[in-house]
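Sequential numbering of the sequence shown, starting at 2, is according to our numbering. Where a beta carbon is used, it is the ideal one built from N, C-alpha and C, also for glycine. Worksheet: one structure, shown below.
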Amino acid sequence: GGGSAGSGGSGGADTDAWAVAFEGAEGRGVEKFDAVVVAKGHYDEPYAPEILGQRAWLAGAESGARTVVHSREYDDPTQHAGRAVLVVGGRSSAVDVARELRGVARWVYVLEKGCQRLMSVGECTHLPPGAALRPDGGVEVGGELAPGPPVDDVILATGYKYVFPFLDSEQLGLEFGPDARFMEPLYMHIVHNRRPSLCFVGIPLAVPTPVHLFEAQARFVAAHLCAPFSTLAEREGWLEARRAAVGERTQDLHFLSEDAWNYMRELTCMSGMVGAEYEVYQRRLAVVAEVYADRVAKRPQLPWGDDWFRRCQYTVDWEAGTWQVSLPEEAQQSGTDVRAAL
2 GGGSAGSGGS GGADTDAWAV AFEGAEGRGV EKFDAVVVAK GHYDEPYAPE ILGQRAWLAG
62 AESGARTVVH SREYDDPTQH AGRAVLVVGG RSSAVDVARE LRGVARWVYV LEKGCQRLMS
122 VGECTHLPPG AALRPDGGVE VGGELAPGPP VDDVILATGY KYVFPFLDSE QLGLEFGPDA
182 RFMEPLYMHI VHNRRPSLCF VGIPLAVPTP VHLFEAQARF VAAHLCAPFS TLAEREGWLE
242 ARRAAVGERT QDLHFLSEDA WNYMRELTCM SGMVGAEYEV YQRRLAVVAE VYADRVAKRP
302 QLPWGDDWFR RCQYTVDWEA GTWQVSLPEE AQQSGTDVRA AL
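Structure representation (structure tokens):
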């Protein structure tokens, strides 16, 4: 069924119950709660920006001859067999799509901000930011035509918007920016600054190990709702500092990456875990971070590279704080370095 949530209060107060309206097989109803926790994720509504030259490129061929889709719609590489495909993005989805397309598509281009210079390997081309489509299908970088045939298809692995249609965003004072790439006002990426009985789990991006982050956020939410420990001034101060840190790149407001480890430690500490229990937690998280770093070191340097690193098996001794890794057979046969691979 579906549902929606709104608060009966107005302004900065957070004293009223939450009215949650729902509809299901047994009909409609409304129930009241003291707090609402939104933990639905944010991978529903694709973010599909227009890339440089896209309109002229689409107009340069017969209707339907060239396509632009989001990676959410991608299913099978054979749909692009024999075609030249431009993948836009550099994170997990883009890498997975590029790897599957290699050897199936006629040519694979990957355009991502992590690329420093134009480079081609075999039937794949790595494109830096600023690359633009031409009406004839070619890809131009700084006035130079990139190697490869005319692009037939574009796959946008460009992430998702923050969309919560069941919340009365206007009444609740939630803001998402012009492209819905961030949401405010949230304290610690979790608590609504002015309505602290509204919390969110799973908002951050670029999270190394999601399960550990969700656990830390859930612990924080539970402690916060049982006995709130932050003031409005503290919450607003945290958000202002976060805005200053990302500057004009507001889409990075919830971007964590390597900062995620300290973020999880901070959440766990703020939730009330102290003493020996917290020391044990820190040691375990340090081991998780080491294993994750080893996995990252094994990733291919090029987005279409082999993903054998995903098939490594890790064994951890939590008491000793040590771990071992077993490489997959294909990596062992090729004599791959256990710490890094191109």
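query = From this set, V212, E237 and R236, which residue's C-alpha is nearest L286's C-alpha?
reply = Here residue 286 is taken as the residue at index 285 of the sequence shown, counted from 1. Closest by alpha carbon: V212.
message = For V21 and A40, I'd like the C-alpha separation in whole angstroms.
response = The sequence position of residue 21 within the sequence shown is 20, counting from 1. The sequence position of residue 40 within the sequence shown is 39, counting from 1. Going by the C-alpha atoms only, they are around 15 Å apart.
request  = Figure out for me which residue from Q117, V122, C125 and G138 has the closest Cα to the Cα of G131.
outcome  = Within the sequence shown, the letter at position 130 stands for residue 131. The shortest Cα separation from G131 among Q117, V122, C125 and G138 belongs to Q117.
request  = Pick out whichever of V89, G91, E124 and G90 has its Cα sitting closest to the Cα of A106.
outcome  = Here residue 106 refers to the residue found at position 105 of the sequence shown. When only C-alpha atoms are compared, the closest one is E124.
request  = Go through its chain and collect everything with a Cβ distance to L240's Cβ below 8 Å, but skip five positions before and after it.
outcome  = Within the sequence shown, numbered from 1, the residue matching residue 240 stands at position 239. Hits under 8 Å: E185, P186, L187, Y188 and N194.
ask   = What are the partner residues of G160, as DSSP defines its beta bridges?
value = In the sequence shown, residue 160 corresponds to position 159, counting from 1. None, per the DSSP bridge assignment.
inquiry  = Excluding the 5 residues flanking E330 on each side, which residues of the same chain have their C-beta closer than 8 Å to its C-beta?
reply    = As a first step, residue 330 is located in the sequence shown; it is residue number 329 there, counting from the start. So no residue of the chain qualifies.
ask   = Span of the beta strand (DSSP E) holding M120?
value = Counting from 1 along the sequence shown, the entry for residue 120 is found at position 119. Counting along the chain, the beta strand (DSSP E) containing M120 begins and ends at M120 to V122.
query = What do you get for G2, buried or exposed, if any count of 16 or more other CB atoms within 10 angstroms of its CB means buried?
reply = One-based indexing of the sequence shown puts residue 2 at position 1. Confidence at G2 is low in this model, with a pLDDT of 46, below 50, so the placement of that residue should be treated as unreliable; the coordinate-derived value is given next. Classification for G2: exposed.
query = Pick from L146, V70 and V109: whose alpha carbon is nearest that of G306?
reply = Along the sequence shown, read from residue 1 onward, the residue named residue 306 stands at position 305. Of the candidates L146, V70 and V109, the one whose C-alpha sits nearest the C-alpha of G306 is V109.
request  = Would you please state the rounded distance, in angstroms, between the beta carbons of V222 and C200? I believe it to be under 8 Å.
outcome  = Along the sequence shown, read from residue 1 onward, the residue named residue 222 stands at position 221. Along the sequence shown, read from residue 1 onward, the residue named residue 200 stands at position 199. Their Cβ separation, rounded to whole angstroms, is 5 Å, which keeps V222 and C200 in contact under 8 Å.
ask   = Quick one: is L343 buried, meaning 16 or more other Cβ sit within 10 Å of its Cβ, or exposed?
value = The residue you call residue 343 lines up with position 342 of the sequence shown. With a pLDDT of only 29 at L343, under the threshold of 50, the placement of this residue in the model should not be trusted, and no figure is reported.
query = In whole angstroms, what is the alpha-carbon distance linking L226 and A219?
reply = Residue mapping note: residue 226 aligns to position 225 of the sequence shown, counting from 1. Residue mapping note: residue 219 aligns to position 218 of the sequence shown, counting from 1. Taking the straight line joining both Cα atoms gives about 11 Å.
request  = Please report the Cβ distance between T356 and Y279, rounded to the nearest whole angstrom; I am assuming they are in contact, meaning their Cβ atoms lie under 8 Å.
outcome  = The structure shown does not extend to residue 356, since the chain spans only 2 to 343, so no value can be given for it.
task = Give me the Cα-Cα distance between R196 and E101, rounded to the nearest whole angstrom.
result = Counting from 1 along the sequence shown, the entry for residue 196 is found at position 195. Counting from 1 along the sequence shown, the entry for residue 101 is found at position 100. Near 45 Å, if we compare the C-alpha coordinates of E101 and R196.
query = DSSP state of P211, grouped into three classes?
reply = The residue labelled residue 211 in the question sits at position 210 within the sequence shown. P211 falls in the helix class under three-state DSSP.
query = What are the uninterrupted segments assigned as beta strand (DSSP E) that are 3 or more residues long and contained completely in the segment 196-242, given in chain order?
reply = 199-201
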